[in-house]
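Okay, so here's the structure we're looking at.
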Amino acid sequence: MIRVELPQHLQTLAQVGREIEVTVEEPVTLGGVLDAVEARYPVLQGTIRDHVSKKRRPFLRFFACQDDLSLERPDLLLPEAVVRGAEPFLIVGAIAGG
Amino acid sequence: MSSVRVLVGTKKGAFILTSDGKRQQWAVSGPHFAGWEIYHLKGSPADPNRLYAAQNTGWFGQLMQRSNDCGATWDAVDNKFVYDGTPGTHQWYDGTPHPWEFKRVWHLEPSLTDPDTVYAGVEDAAMFRTTDGGTSWHELAGLRNHGSGSKWQPGAGGLGLHTILLDPANAARMFIAISAAGAFRTDDGGSTWTPINRGLKSQYIPDPDAEVGHCVHRIAMHPSRPNTLFMQKHWDVMRTDDAGANWTEVSGNLPTDFGFPIDVHAHEPETIYVVPITSDSHHFPPEGKLRVYRSRTGGHEWEPLTKGLPQQDCYVNVLRDAMAVDRLDACGVYFGTTGGQVYASADGGDQWTPIVRDLPAVLSVEVQTLP
């Protein structure tokens, strides 16, 4: 199981706690995890990535094992610690505004 | 006894205010969708328990919500707004071509007869429709693909389709307005559209016959006279009596004819309301006095309505979707401010009182008159 942490508003939307778990077939990629999150919680479709282009929404960031993966390609293989569930994959609302 | 439900969209959530027909005591519920911008929420005329809300943030984009129990509970419905075909371009602020990009839903207009049918005006300007209660949305692409679409240019707030009026006498006829493209009419249910901007004059448009480009802020209609429309333009208050074929200015003695909302009395088709704002560079009331202006003559002659409204040091704005009327007798008039107040008058505008006063900035106000 892949552990994924969600920002507060997405927790409210999906009616879940801070951390969820999703099943992702190996090889576990950045895009594969997002696909799994959206498949399990359809209400989150369009809130993390654009519906059509699948581009990350500009004010969201992705992290794993203290690395910023926001600009990585969807086929990026996630760290082994995330794959075995030792570390979560983080979806973070960027700090923006005044 | 009749009652009233006021639906308030704000920068940080939605609020629902309810009162009996006296409209003296108000209960406030909310915030619904706390922390999200609610550009608009509106109830179905065909089923008052059915509400729709447009929910948005810069972080997570657009969501759509539906309630079947007058806002007690909500269900997220489809939020996929995809332009039909290859979107093409409109003009950017500097006049260069810019791709059409969906940003948010500005306005929701539920069908007069079917609770599952709703029209949505969006930015970048386009009109979408659901016929299944929000389960799916599809563009009425004839509007955006009107020959002028490539010339449409955003107003300061974006290229938003903000007004949708449904003709109660003719289900195939609708009117819409876009900042800053202008007003359009369809007579075939949205398949084809005609610009209806003749008579509008805008200082920044040198061509007096320009088909599009006018910054229309809001249009209002009385349901008994669907050929008569009233318009608050960027500057100028206008009216048409031929369904938009020709417009004439009715600003008359207004202290300034800049403003955003305009609405019509529920029982007097020639009684209209505006909230004059100082100018396009000073979005607050003249002299710091919040005044609604009422015309009982369909324009030209206006009277200030001030009782109960702040008459000093008031520097709020009233946005285009933030005024509404109820259908009780006497007609109630409501508006919300960017300072978070919602003011109501239970006597057609003679006297006003804040029915809630410390909300986030108000983006929209709608009223449901309930049996």
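Here the protein sequences line up with chains A and B, keeping their order.
Counting from 141, one number per residue, gives the positions in the first sequence under my numbering.
Counting from 31, one number per residue, gives the positions in the second sequence under my numbering.
Where a beta carbon is used, it is the ideal one built from N, C-alpha and C, also for glycine.
Residue pairing by DSSP places MET94 (chain B) opposite B:ALA84, B:VAL107 in a beta bridge. Here LYS133 (chain B) carries a coil assignment [DSSP, helix/strand/coil]. The beta-carbon of PHE202 (chain A) is placed no less than 8 Å from the nearest beta-carbon of chain B.
Going by beta carbons, LEU184 (chain A) and LEU150 (chain A) fall inside the 8 Å limit. Note that the C-beta distance between LEU191 (chain B) and VAL246 (chain B) is not below 8 Å.
A residue is called buried once 16 or more other Cβ atoms fall within 10 Å of its Cβ, and HIS137 (chain B) is buried on that count. Beta-bridge partners assigned by DSSP to LYS263 (chain B): B:VAL246. Of all residues in the stretch 82 to 107 of chain B, the ones placed with a Cβ closer than 8 Å to any Cβ belonging to chain A are THR87, GLY88, TRP89, PHE90, GLY91, GLN92, LEU93, ALA106, in chain order. Within chain A, the residues whose beta carbon sits less than 7 Å from that of LYS110 (chain B) are GLY186, HIS191, listed in sequence order. Taking 9 Å as the cut-off between beta carbons, the residues of the stretch 47 to 70 of chain B near chain A are PHE63, ALA64, GLY65, TRP66, in sequence order. When the alpha-carbon of GLN341 (chain B) is set against those of B:GLU317, B:ALA360, B:ALA352, B:GLU331, the nearest one is in B:GLU317.
For ARG196 (chain A), the three-state secondary structure derived from DSSP is strand.
Fully enclosed beta strand (DSSP E) runs of no fewer than 3 residues occupy 288 to 294, 302 to 307, 322 to 325 of the stretch 272 to 334 of chain B, in order along the chain.
The beta carbon of PRO129 (chain B) lies closer than 7 Å to those of PRO117, THR119 in the same chain, with the five residues before and after it left out.
Residue B:ALA155 holds the alpha-carbon nearest to the alpha-carbon of LEU173 (chain B) among B:ALA155, B:GLY188, B:GLY164, B:THR165. Rounded to the nearest angstrom, the gap between the Cα atoms of PRO198 (chain B) and LEU142 (chain B) is 7 Å. Residues of chain B whose Cβ lies closer than 9 Å to the Cβ of VAL223 (chain A) do not exist, since the nearest Cβ in that chain is about 27 Å away. In the DSSP annotation of this structure, ASP175 (chain A) is not part of any beta strand (DSSP E); the continuous alpha helix (DSSP H) holding it starts and ends at 170 to 180. Closest option to TRP277 (chain B), judged by alpha-carbon separation, among B:PRO285, B:ASN257, B:PHE290: B:ASN257.
Residue-level contact by beta carbon fails for VAL173 (chain A) and chain B, as no gap is shorter than 8 Å.
Listed along chain B are GLY88, TRP89, PHE90, GLY91, each with a C-beta nearer than 9 Å to that of ARG197 (chain A). In the structure shown, the three-state DSSP call for HIS191 (chain A) is coil.
A contact is defined here as three or more CB-CB pairs under 8 Å, and the stretch 321 to 341 of chain B fails this definition with respect to the stretch 216 to 224 of chain A. Around the Cβ of ASP351 (chain B), a 10 Å sphere holds 16 or more other Cβ atoms; the residue is buried.
Assigned with DSSP and collapsed to three states, GLY229 (chain B) falls in coil, not helix or strand.
Remark: three or more beta-carbon pairs, one from each stretch, lie closer than 8 Å, so the stretch 274 to 293 of chain B and the stretch 329 to 341 of chain B are flagged as touching.
In this structure, VAL395 (chain B) places its C-beta atom within 8 Å of the C-beta atom of VAL38 (chain B). When DSSP reads this structure, ASP208 (chain A) sits in a beta bridge with A:PHE203. For a Cβ distance threshold of 9 Å, residue set PHE90, LEU93, ALA106 of chain B lies close to LEU153 (chain A), ordered along the chain.
Contact annotation for LEU150 (chain A) against chain B: PHE90 [CB-CB distance below 8 Å, chain order]. If the five residues before and after CYS205 (chain A) are omitted, its C-beta is found closer than 8 Å to the C-beta atoms of PRO219, ALA221, VAL222, GLU227, all from its own chain and listed in chain order.
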